[in-house]
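Read the structure below first, then the notes.
Chains as they are written, first to last, in this note's numbering: chain V, 5 to 299; chain F, 2 to 102.
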């Protein structure tokens with residue numbers, strides 16, 4: 005048995021004297037759409053394929069949604085305690101949970117206010133944390149296909165948890181059930197536990213003595229941990245910590261956190277540079293390979 | 002009053018961010034760089050907030066009971082504890098260290 009390297013086989017099969025095989029020309033004259041051959045890859049949109057995935061029982065979707073809604077809804081208690089401990093009134097605390105309804109932003113706002121930040125830097129930090137919800141909405145709007153009139157109301161529930169439950173659902177019906185049940189459970193519980201937490205903190209008096217000033221950084225860490233998936237995220241987090249702590253003693257409260265957001269574009273820029281370098285090398289390698297095959 | 006200004010701005014800003022995603026046509030925000038920036042921005046902000054609220058006291062850097070509490074929360078996270086347990090661990094250890102000090 006003779007061993008023949010793959011490259012040699014490829015070059016010998018379509019021999020140079022064979023009129024049918026003019027490499028390159030065949031590729032150009034046969035774009036995938038025009039073949040019409042049986043088994044040719046359909047050029048249709050990927051949508052219908054997704055629709056044919058097996059249905060998921062409504063009860064299973066509701067179970068998923070309730071699990072997330074209840075678990076996270078209860079942590080409104082931590083917010084209520086932290087907000088009241090930061091010096092916000094009961095009304096202010098409850099208005100935040102009712103009308104902002106995105107946890108990280110709420111914690112960031114009361115934390116910045118407690119640290120003595122002015123209202124504009126405090127609100128800016130909370131807003132930047134809320135920007136990610138716009139990207140969730142983008143993904144959700146394709147999946148849920150909501151009527152225009154419903155969107156302003158549904159928008160209030162576009163947050164981490166509803167997105168996490170809704171996106172993996174196999175059908176539009178399941179996605180809509182998942183979104184609604186998670187949103188409703190979470191909204192009701194988050195606001196009730198906020199109220200209970202704020203009342204509890206007022207009853208406790210000095211919340212620092214109970215260690216409750218540590219609730220907020222623990223919440224941030226718990227939100228951050230699952231995001232640290234790759235080196236890019238870890239380097240960004242490290243750089244942001246470094247910026248925040250270095251700038252803290254020299255800039256007004258609230259400003260260091262805002263400036264440390266620049267860790268994101270800085271790391272993306274640096275990573276982009278290294279990646280582009282690798283890509284050009286890959287391209288060169290691909291060109292060489294192509295050249296070998298056509299020669 | 003300052004607190005209400007901050008609350009008003011946050012309510013408006015956060016709601017508009019949520020609504021924007023549902024209203025803009027797909028494709029506008031679909032550029033890879035924009036998406037990656039949106040994913041990385043919360044990482045930077047949450048990391049900075051964690052550090053500031055653990056080691057910051059006004060404009061001073063301090064090492065106090067909160068650092069021990071954050072360590073406990075980190076340990077709970079490594080052990081895959083639920084969200085409320087993570088926060089509870091941070092609070093309890095901070096209170097414990099303060100009581101002992």
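Cβ atoms here follow ideal geometry from the backbone N, Cα and C, with glycine treated the same way.
Taking Cβ-Cβ distances shorter than 7 Å, what residues in chain V pair up with residue i?
i	result
residue 99/F	213 and 215
residue 37/F	272
residue 72/F	Ordered by position in chain V, no residue passes the 7 Å Cβ test against residue 72/F, which lies about 10 Å from the chain.
Can the beta-carbon of residue i be found less than 8 Å from the beta-carbon of residue j?
i	j	result
residue 119/V	residue 57/F	yes
residue 145/V	residue 85/F	no
residue 224/V	residue 50/F	yes
residue 41/F	residue 162/V	no
residue 69/F	residue 98/F	yes
residue 62/V	residue 181/V	yes
residue 101/F	residue 141/V	no
residue 135/V	residue 13/F	no
residue 216/V	residue 77/V	no
residue 253/V	residue 54/F	no
residue 150/V	residue 138/V	no
residue 256/V	residue 6/F	no
residue 147/V	residue 171/V	yes
Grab me the residues of residue i's own chain with a C-beta within less than 7 Å of its C-beta, minus the 5 sequence neighbours each way, in chain order.
i	result
residue 219/V	82, 85 and 86
residue 267/V	240, 243, 244 and 247
residue 70/V	185 and 189
residue 91/F	70, 71, 73 and 74
residue 74/V	189 and 193
residue 106/V	134, 137 and 163
residue 97/V	84, 87, 88, 198 and 202
In terms of residue numbering, what span does the alpha helix (DSSP H) encompassing residue i cover?
i	result
residue 122/V	Per DSSP, residue 122/V belongs to no alpha helix (DSSP H) and is neither H nor E.
residue 221/V	219 to 228
residue 74/V	62 to 77
residue 146/V	136 to 148
residue 95/V	94 to 103
residue 201/V	176 to 208
residue 90/F	84 to 101
residue 164/V	164 to 170
residue 4/V	With chain V covering 5 to 299 only, the question about residue 4/V has no answer from this structure.
residue 38/F	33 to 56
residue 85/V	80 to 89
residue 5/F	3 to 24
residue 71/F	66 to 79
Which residues in the same chain as residue i place their Cβ atom closer than 8 Å to its Cβ, once the five residues preceding and following it in sequence are excluded?
i	result
residue 251/V	259, 260, 263 and 264
residue 110/V	83, 87, 100, 101, 104 and 130
residue 178/V	59, 60, 62 and 65
residue 64/F	56
Which chain F residues are close to residue i, counting only those with a beta carbon under 7 Å from its beta carbon?
i	result
residue 106/V	15
residue 145/V	22 and 23
residue 140/V	22
residue 103/V	12
residue 253/V	60, 61 and 62
residue 182/V	What residue 182/V touches in chain F: nothing, since even the nearest Cβ is about 16 Å away.
residue 264/V	45 and 49
residue 109/V	11 and 15
Spatial neighbours of residue i within its chain, please: C-beta separation below 6 Å, excluding the five flanking residues on both sides.
i	result
residue 19/V	For residue 19/V, the pLDDT reaches just 38, beneath the cut-off of 50, and the residue's location in the model is therefore unreliable, although a value from the coordinates is still provided. Counting only Cβ-Cβ distances below 6 Å, and skipping sequence neighbours, we find nothing.
residue 108/V	133 and 227
residue 3/V	With chain V covering 5 to 299 only, the question about residue 3/V has no answer from this structure.
residue 121/F	With chain F represented from 2 up to 102, any question about residue 121/F goes unanswered, as that position is not in the structure.
residue 166/V	183, 186 and 187
residue 55/V	Residue confidence is low: residue 55/V scores 43 on pLDDT, short of 50, so the model does not pin down where it sits. Its coordinate-derived value is still stated next. Correct list: empty, nothing qualifies.
residue 116/V	126, 129 and 258
residue 66/F	95, 98 and 99
Taking C-beta pairs closer than 9 Å, name the residues in chain V that residue i reaches, listed in chain order.
i	result
residue 63/F	Those do not exist, as residue 63/F stays about 10 Å from chain V at its closest Cβ, beyond 9 Å.
residue 102/F	Correct list: empty, because the minimum Cβ distance to chain V is about 12 Å.
So, does the CB of residue i fall closer than 8 Å to a CB anywhere in chain V?
i	result
residue 67/F	yes
residue 33/F	no
residue 6/F	yes
Flag residue i as yes if its beta-carbon sits less than 8 Å from any beta-carbon of chain F, otherwise no.
i	result
residue 240/V	yes
residue 162/V	yes
residue 173/V	no
residue 131/V	yes
residue 32/V	Here residue 32/V scores only 33 on pLDDT, less than 50, and its place in the model should not be relied on; the value that follows carries that caveat. Residue 32/V does not count as touching chain F.
residue 46/V	Here residue 46/V scores only 33 on pLDDT, less than 50, and its place in the model should not be relied on; the value that follows carries that caveat. No, residue 46/V lies away from the interface with chain F (no Cβ there is under 8 Å from its Cβ).
residue 137/V	yes
residue 94/V	no
residue 79/V	yes
residue 156/V	yes
residue 151/V	no
residue 237/V	yes
residue 205/V	no
residue 4/V	Nothing can be reported for residue 4/V, as the shown portion of chain V is limited to 5 through 299.
Using a cut-off of 8 Å between C-beta atoms, extract the partners of residue i located in chain F.
i	result
residue 219/V	88, 91 and 92
residue 261/V	46, 49, 50 and 53
residue 115/V	50, 53 and 54
Which residues in chain V have a C-beta closer than 8 Å to the C-beta of residue i? List them in chain order.
i	result
residue 78/F	225, 226 and 229
What residues from chain F crowd round residue i, counting only those whose CB sits closer than 9 Å?
i	result
residue 88/V	Chain F residues near residue 88/V: none, gap ~13 Å exceeds 9 Å.
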